[in-house]
Amino acid sequence: MTLEVAQREVSRFGALYIVEARFKNMFKWRSAIITAAILNPVLYLLSVGVGIGSLVDAKQGVGGVDGVQYLTFLAPALLASAAIQGAIDEVTFPTLQGFKWAKNFFAMNSTPITGNQIALGVYIAALCRTFLTVVVYWFILLIAGALPTGTAWLAMFVAMLAGGAFGSIMLFITSKVEKEDFFLTAIGRLIIMPLFLFSGTFYPLSSMPLILQPIGWISPLWHATELGRYLTYGHSISGLMIGVHFIFLTSLLALGLKLAFRNFTKRLSK
Amino acid sequence: MTSLISARSLTKTYGDFVAVDQINFEVRKGESFGLLGPNGAGKSTIMRMIGATLQRSSGELAVLGKDPEKFGPQIRAHLGVVPQQDNLDSELTVRENLYIYGRYFGLSKKFLTPKIQELLEFAQLEEKRDVKVEALSGGMKRRLTIARALVSEPEILMLDEPTTGLDPQARHILWDRLFRLKEMGVTLLLTTHFMDEAEQLCQRLIVMDKGKIMAEDSPAELIRKYVTKEVLELRFGSDKNSLYVDELRQKCDRIEQLPDRILLYTNDGETLLTEIVGSGLHPITSLVRRSSLEDVFLRLTGRSLIE
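Rendered as structure tokens:
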């Protein structure tokens, strides 16, 4: 036995080794990842922001929606939803792959790596990829003139918080999935799409019928969008609500991670 | 000799089903130890309990002197695991698979670079080093999985059904690699339902059926203890076999009637065959062979290993 093997410690940094492996994997998809990171915001801004925006602004006059141009109003919501979508993609596929398709989580778990470390590693790697997406998106919004205030850069972290909250919950849910055939479509159509549409993304939540407003209240996207609008154009919001949004997102993030840790460990030792 | 694995009344139940039933065994340093039995005998369950990824229901288990339930990561740091189903990262190359797996053990790039080269040579995969795993043949994937398990210089190499699903040529290449490891003094623990594999690779083995140990010894000793030296296989045609069983029973130590043939256990097959033909019986085919672990299993359980 060589010295290194004899002296090595049991992986304290296990999660980081998983991150390293995930990066190697993502690197194979680098052109797709970068293309998506750039094309997604450009297309959205052109079609919805500029296209619909010019209609809205023409009808309402400049400053018609929440006192700002439509594009400015829309920007924080688009940023947060891009973060959510990125985080979801990057936790669901590796998790299905790890437990079902290639079963490589079981390979990781036959080393000193624990279930918690695998979950955490997949999660951190997903957020790193999400951060790339968010930064690119943010700069494109900046160039488009949709970020008028000096605090707008903080909206990136709010978007990350939304991605983190949604990502951790999805990490848990995906780790429960036994039959994936229906799962991805169901998540996309029944959860992500409605939340995207009903979270005060395209118009203020308050202009929706009261009966539909609770969809926004439970949606990380709405909470992040509210915070984002406060930061990017000074959308008026009480100090209490800032606290509520922040606590909602961080609690969801922590809950998702806790449940994911437990289920990863359980499923690997079944 | 120190024992690396020791099981006492080891039991695993799933509800009412007893997968592993109060078994005892020891695996000593440097030996190659086998678990032989049909599918569903509980072999993989035992492997996962030893590999510290499955909790036992009762009994005691010590791996490298530690309890796998309390010291999972510490024990796994010194095991090399080759699972029944390959679980390589199919999108990464051969070399990348070895590298990331080594990283999971916390090994440095400096250590891994020469190690990977050595393992590629050992697994005869040097030419495939930069090929994506999804493009490899079944035999190559198995060799890579074994190489991967060796990257951390484990104290015990655990192989669950290492050659199941491989063609004969790939099996022989794999056996040759495993035999080299055995010669190098690596402790091997393997499960198999192929008796020829067990005979080739195991110094000592336990024969398992339905979660229980039926016998434990070296392949040669098991054959000596439970069956005769030779077997005479006779075929009279499928519907006629049973007509002659009683008559033949008188002439040998033991007789087994299988659906397509009759097995007569004797220490001298040729002499017995001459005697049978002399007494006026004319089998369609006859074959004298040495007894194998298959016969031991048949003797112990009344069933064949592969059904």
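As they're listed, the protein sequences go chains A and B.
Sequential numbering of the first sequence, starting at 1, is according to the working numbering.
Sequential numbering of the second sequence, starting at 1001, is according to the working numbering.
Ideal placement from N, C-alpha and C gives every residue a C-beta, glycine not left out.
Close-in-space but distant-in-sequence residues of the same chain around residue i (CB under 8 Å, 5 per side omitted)
i, result
"G1040(B)", "K1210"
"R1103(B)", "L1112"
"P148(A)", "V68, T72, T232, Y233"
"L1174(B)", "G1139, R1142, R1143, I1146, P1162, T1163, L1166"
Residue span of the beta strand (DSSP E) that contains residue i, given as start and end
i, result
"Y1265(B)", "1262-1266"
"L1205(B)", "1204-1209"
"F1017(B)", "1017-1028"
"G145(A)", "First-last for G145(A): undefined, no H or E at that position."
"M1184(B)", "It is not in any beta strand (DSSP E) - M1184(B) carries neither H nor E in the DSSP assignment."
"G1034(B)", "1032-1036"
"E1216(B)", "1212-1217"
"E1060(B)", "1058-1063"
"I1005(B)", "1003-1014"
"S207(A)", "First-last for S207(A): undefined, no H or E at that position."
"G150(A)", "First-last for G150(A): undefined, no H or E at that position."
"L1079(B)", "1079-1082"
Cβ-based burial, residue i [other Cβ within 10 Å; buried from 16]
i, result
"G233(A)", "It should be pointed out that residue 233(A) corresponds to Tyr in this sequence rather than to Gly. By the neighbour-count rule (16 or more Cβ atoms within 10 Å), Y233(A) is buried."
"W217(A)", "exposed"
"W138(A)", "buried"
"W222(A)", "buried"
"Y1014(B)", "exposed"
"M1140(B)", "buried"
"R1303(B)", "exposed"
"L3(A)", "With a pLDDT of 44 at L3(A), under the threshold of 50, the modelled position of this residue cannot be trusted, and the question is left open."
"N1241(B)", "buried"
"L1258(B)", "exposed"
"F27(A)", "exposed"
"P1283(B)", "buried"
"F1033(B)", "buried"
"G1278(B)", "exposed"
"I1050(B)", "buried"
"Q1085(B)", "exposed"
"S1152(B)", "buried"
"G1280(B)", "exposed"
Residue i - containing alpha helix (DSSP H), residue span
i, result
"G14(A)", "14-27"
"K258(A)", "239-268"
"D1295(B)", "1293-1301"
"E946(B)", "Absent from the structure is residue 946(B), since the part of chain B shown begins at 1001 and ends at 1307."
"M1049(B)", "1043-1050"
"V158(A)", "155-176"
"R229(A)", "220-233"
"A186(A)", "183-186"
"Q1040(B)", "The residue asked about is misnamed: residue 1040(B) is Gly in this sequence, not Gln. Careful: G1040(B) lies outside any alpha helix (DSSP H) and carries neither H nor E."
"I1075(B)", "1072-1076"
"I1276(B)", "1269-1278"
"G216(A)", "213-217"
"L195(A)", "193-198"
Cβ neighbours of residue i in the same chain (closer than 7 Å, five flanking residues each side left out)
i, result
"Q7(A)", "Only weak support is given to the placement of Q7(A): the predicted model assigns it a pLDDT of 44, under 50, and the value that follows is read from those uncertain coordinates. Nothing meets the Cβ criterion."
"V48(A)", "L74"
"N1024(B)", "A1007, R1008, S1009"
"G1042(B)", "A1019, V1020, M1208, G1211"
Same chain only: Cβ atoms within 6 Å of residue i, ignoring 5 sequence neighbours per side
i, result
"P1083(B)", "D1160"
"L268(A)", "N109, G115"
"T201(A)", "A77"
"Y17(A)", "none"
"L259(A)", "F172"
"M1(A)", "Confidence at M1(A) is low in this model, with a pLDDT of 46, below 50, so the placement of that residue is unreliable and no value is reported for it."
"L253(A)", "G164, A165, S168"
"E1216(B)", "I1206"
"Q1169(B)", "none"
"S1286(B)", "L1234, L1273"
"Q1022(B)", "S1009, T1011"
Nearest-angstrom Cβ-Cβ length linking residue i and residue j, presumed shorter than 8 Å
i, j, result
"F264(A)", "S168(A)", "In fact, because the Cβ distance is near 12 Å, the residues do not count as touching under 8 Å."
"G163(A)", "T130(A)", "5 Å"
"K24(A)", "L1092(B)", "6 Å"
"V56(A)", "V42(A)", "Actually they are not in contact, since the Cβ atoms of V56(A) and V42(A) sit about 20 Å apart, beyond 8 Å."
"L96(A)", "V177(A)", "7 Å"
"A152(A)", "L231(A)", "6 Å"
"L1036(B)", "M1195(B)", "7 Å"
"M208(A)", "E226(A)", "So it is not a contact: roughly 14 Å between Cβ atoms."
"L1189(B)", "M1158(B)", "5 Å"
"E20(A)", "I1100(B)", "7 Å"
"A1149(B)", "L1125(B)", "A1149(B) to L1125(B), Cβ: 14 Å. No contact."
"T1187(B)", "K1029(B)", "6 Å"
Let me know the alpha helix (DSSP H) ranges lying completely inside the segment 1090-1178 of chain B, each 4 residues or longer, listed in chain order. 1094-1104, 1109-1122, 1138-1150
Counting only runs of 3+ residues fully inside the segment 1226-1258 of chain B, write out the beta strand (DSSP E) ranges in chain order. 1230-1235, 1254-1257
Could you tell me which uninterrupted alpha helix (DSSP H) segments, each at least 4 residues in length, are contained entirely in the segment 39-110 of chain A, listed from first to last along the chain? 53-60, 70-96, 104-109
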